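Enquirer: Straight run, no breaks: the sequence shown in our numbering ends on number 260.
Just so it is clear, CB atoms sit at the ideal spot from N, CA and C, and this is done for glycine as well.
Note that the structure is predicted; figures quoted are calculated from it, not measured.
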Amino acid sequence: MMTPIWLGTSWKMNKPLSQAMAWCETLAARMPEGCHPAIQPFVIPPFTAIQPVSHFLQTHQLPLLTGAQNMHEADQGAWTGEISAAMLAETGATLVELGHSERLAAFNESDAAINRKVHSALGHGLRPLICIGDSAEEKRWQVSRESVVRQMKIALYGLSHQQALRTLIAYEPVWAIGEHGTASPQEAGVIHQALRQALCERFGHETGTRIPLLYGGSVTLQNAVELLRQQEINGLFIGRAAWDAQGYCDIVQRVTQEFILQAQ
Ligand code: PGA
């Protein structure tokens, strides 16, 4: 079976419930038939909207997976304000985003903590979408590859091949997220090749080539196709350009047109 092209968005701390549901309504109107099975769409709302969004998507038979933007590594306990994998699994979420650079920077999450969260997520049947990225300074010192490979290897430490196949990796250069700047498709492609190579060294070719590698950081309708033309970019993790449902649908539509319909 062909591996799907992953196309998804995290809303970060945006969209109270009314706006979340409006996004879903627009999506349902634009994609009444869902989307081509060669695309795997997903959406990662804030915690408060995961359950209603999941329910909406299910009742409208829309094929988007839903996910959470973070979780605690423990199953339960005296962790005021935190949410566990077991709790997320009940909301309809099947993905959990871990290690986004905004969380690393603002909440001091360590590489080791991300590894513990990955194990906990898998233990509860969630697929971790692990974000890794180089800083502007690492880029300047030309150690981007070393940095992202290191982060990825720690995040995946101790996983079996079967578990590794349940993970997704998103390369998100910190210098290309938000208003900071953009990575060219070639720049992103080179890092993705290094990540693929590291995955194959760690898990062997058979498993290493099957772990989806997504790119995120200032993805737009204009650069989506060129990014996906890079050999080891298997999907896009979109922020601002997909917060408007029309924007998200436009990207899904353009990718479908370029990679699926024209190839038939
Ligand atoms: P952006 O966000 O597309 O708005 O740059 C990407 C991200 O943080 O995942």
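Using the beta-carbon count (16 or more within 10 Å), is Asn104 buried or exposed?
Expert: The residue you call residue 104 lines up with position 108 of the sequence shown. Label assigned to Asn104: exposed.
Enquirer: Using only alpha-carbon positions, find the residue among Leu164, Ala117 and Leu58 that is nearest to Thr203.
Expert: Residue mapping note: residue 203 aligns to position 207 of the sequence shown, counting from 1. Comparing Cα-Cα distances from Thr203 to each of Leu164, Ala117 and Leu58, the minimum goes to Leu164.
Enquirer: So, for Phe255: in the same chain, excluding its five sequence neighbours on each side, which residues have a beta-carbon less than 7 Å away from its beta-carbon?
Expert: Position 259 of the sequence shown, counting from 1, holds the residue named residue 255. Here the set comprises Ile1 and Leu224.
Enquirer: Apart from the five residues just before and just after Arg141, which ones in its own chain have a Cβ nearer than 7 Å to its Cβ?
Expert: Locating residue 141 in the sequence shown gives position 145, where the first residue counts as 1. Cβ neighbours of Arg141 beyond the five flanking positions: Ile187 and Ala190.
Enquirer: At the level of alpha carbons, what is the spacing between Gln159 and Lys135?
Expert: Start at 1 with the first residue of the sequence shown, and residue 159 comes out as number 163. Start at 1 with the first residue of the sequence shown, and residue 135 comes out as number 139. Using only the alpha carbons, I get a separation of about 31 Å.
Enquirer: If you reduce the DSSP assignment to three classes, tell me which class Glu134 lands in.
Expert: What you label residue 134 is simply residue 138 of the sequence shown in a count that begins at 1. Helix.
Enquirer: Between which two residues does the beta strand (DSSP E) holding Phe233 run?
Expert: Here the question's residue 233 lines up with position 237 in the sequence shown. Its beta strand (DSSP E) spans residues Gly231 to Ile234.
Enquirer: I need the boundaries of the beta strand (DSSP E) containing Trp19, first residue and last residue.
Expert: Looking up residue 19 in the sequence shown gives position 23. Where Trp19 is concerned, there is no enclosing beta strand (DSSP E), although the alpha helix (DSSP H) it sits in stretches over Leu13 to Arg26.
Enquirer: When DSSP builds the beta bridges, which residues end up paired with Gly63?
Expert: As a first step, residue 63 is located in the sequence shown; it is residue number 67 there, counting from the start. Paired residues: Leu91.
Enquirer: Does Leu209 come out as helix, strand or coil in the three-state DSSP assignment?
Expert: Looking up residue 209 in the sequence shown gives position 213. Strand.
Enquirer: Restricting to Cα atoms, I'd like to know which of Tyr167, Pro124 and Val144 is closest to Glu93.
Expert: Taking the sequence shown and counting its residues from 1, one reaches residue 93 at position 97. Among Tyr167, Pro124 and Val144, the Cα nearest to that of Glu93 is on Pro124.
Enquirer: With DSSP run on the structure shown, which of helix, strand or coil describes Leu3?
Expert: On the sequence shown, position 7 is the one that residue 3 refers to. Reduced to three states, the DSSP call for Leu3 is strand.
Enquirer: Ignoring anything shorter than 3 residues or poking outside the stretch 133 to 181, list the beta strand (DSSP E) runs there in chain order.
Expert: 164 to 167, all fully within the stretch 133 to 181.
Enquirer: Nearest-angstrom Cα distance between Gly88 and Gln47?
Expert: Mapped onto the sequence shown, residue 88 falls at position 92. Mapped onto the sequence shown, residue 47 falls at position 51. Looking at the two C-alpha atoms, the distance is approximately 6 Å.
Enquirer: In or out: Asp130 buried (at least 16 other Cβ within 10 Å) or exposed?
Expert: Translated into positions along the sequence shown, residue 130 becomes position 134. Flag for Asp130 reads buried.
Enquirer: Helix, strand or coil: how does DSSP classify Arg225 here?
Expert: Taking the first residue of the sequence shown as position 1, residue 225 is located at position 229. Correct three-state label for Arg225: coil.
Enquirer: Going by the DSSP bridge assignment, what does Ser80 pair with across the sheet?
Expert: Sequence index remark: in the sequence shown, residue 80 carries index 84 (1-based). The partner list for Ser80 (beta bridge, DSSP) reads His68.
Enquirer: Taking contact to mean 3 or more Cβ pairs, one atom from each stretch, closer than 8 Å, check whether the stretch 10 to 23 and the stretch 105 to 117 are in contact.
Expert: At 8 Å Cβ cutoff, the stretches do not touch.
Enquirer: Since Gly231 and Ala179 should fall inside the 8 Å C-beta cutoff, what is the C-beta to C-beta distance between them, to a whole number of angstroms?
Expert: Residue mapping note: residue 231 aligns to position 235 of the sequence shown, counting from 1. Residue mapping note: residue 179 aligns to position 183 of the sequence shown, counting from 1. Not a contact, Cβ separation roughly 15 Å.
Enquirer: Tell me the rounded alpha-carbon separation between Trp239 and His157.
Expert: Position 243 of the sequence shown holds residue 239. Position 161 of the sequence shown holds residue 157. If you take the alpha carbons of Trp239 and His157, they lie about 34 Å apart.
Enquirer: On the criterion of 16 or more Cβ atoms from any shown chain inside 10 Å, does Gly119 qualify as buried, or is it exposed?
Expert: Within the sequence shown, the letter at position 123 stands for residue 119. The residue in question, Gly119, is exposed, as its Cβ has fewer than 16 Cβ neighbours within 10 Å.
Enquirer: CA-CA distance, His56 and His96?
Expert: Here the question's residue 56 lines up with position 60 in the sequence shown. Here the question's residue 96 lines up with position 100 in the sequence shown. The alpha-carbon atoms of His56 and His96 are separated by roughly 30 Å.
Enquirer: Between Val170 and the rest of its own chain, which residues show a CB-CB distance below 6 Å, the 5 nearest in sequence each way excluded?
Expert: Along the sequence shown, one-based indexing puts residue 170 at 174. Ser97, Gly129 and Ser131, listed in sequence order.
Enquirer: Quick one: using the 10 Å Cβ neighbour count with 16 as the cut-off for buried, is Glu168 buried or exposed?
Expert: Here residue 168 refers to the residue found at position 172 of the sequence shown. Glu168 comes out buried.
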